[in-house]
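Working notes, structure below.
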Amino acid sequence: MDNISKFYADAQRLKKHYRAEHSNYDGGEVCGQIKELFGRNNGHVKSLALSYADYWYDTYIMNSAEMENEPTEQHLQVLGSIQALIDNDPEQITELTQEDWKELCDLTNYEADDLPLEFLNDIMIIFVDHQAC
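And the structure:
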């Protein structure tokens, strides 16, 4: 199982467990748990991963008219695409808008001093390919 598939499975498991343990489903709380999971899964670039997850939460979750259904499959796919970006797997980056690309590039530039050089080089190549930076 690749990193993205494992992430999807873990996120679905969090949703399932929350529903089983609580009488009222809180999509915002579940998405907060998914943000934490995303940071843990990307420990080698944890600060950047948490910045990306915050962007995802603020952009896709907080603006949702269906909080009781969050995270939706589409919103999980966006975060999965961000995982693919971190994993340097451009073929699996399918759900990012041009605005997402620009914001993620800005976040990466902000965190650049604290990132491993090889990682930074690889991710910047992807950003340049998408004309994000």
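Residue numbers (the numbering used here): 357 to 489. We put the CB at the ideal spot given by N, CA and C, even for glycine.
Since I believe residue j is in contact with residue i (beta carbons under 8 Å), could you give me their beta-carbon distance rounded to a whole number of angstroms?
i: P427; j: I390; result: 6 Å
i: D485; j: N444; result: Actually they are not in contact, since the Cβ atoms of D485 and N444 sit about 12 Å apart, beyond 8 Å.
How many Å lie between residue i and residue j at the Cα?
i: A376; j: L460; result: 34 Å
i: N439; j: I482; result: Strictly speaking, residue 439 in this sequence is Gln, with Asn absent from that position. Distance between the alpha carbons of Q439 and I482: 13 Å.
i: D470; j: R396; result: 17 Å
i: N419; j: F475; result: 31 Å
i: C489; j: L435; result: 20 Å
i: W457; j: L404; result: 14 Å
i: Y411; j: P472; result: 21 Å
i: Y374; j: G388; result: 12 Å
i: Y364; j: G399; result: 17 Å
i: N465; j: M480; result: 9 Å
Restricting to Cα atoms, I'd like to know which of the options is closest to residue i.
i: V386; options: L432, H400, A405 and K402; result: L432
i: K371; options: N477, G384 and T450; result: G384
i: L393; options: K362, Y416 and N380; result: K362
i: E422; options: Y374, W457 and Y381; result: Y381
i: L463; options: I442, I360, N425 and D358; result: I442
i: S379; options: D485, E424 and K402; result: E424
i: L452; options: L406, D478 and T415; result: T415
i: S437; options: K402, Q430 and I449; result: I449
i: A367; options: K402, Q430, S407 and E467; result: Q430
Which residue spans inside the segment 409 to 459 form an unbroken alpha helix (DSSP H) run of at least 4? 429 to 442
For a minimum of 4 consecutive residues, which ranges assigned as the alpha helix (DSSP H) are wholly contained in the segment 358 to 419? 359 to 377, 383 to 397 and 402 to 412
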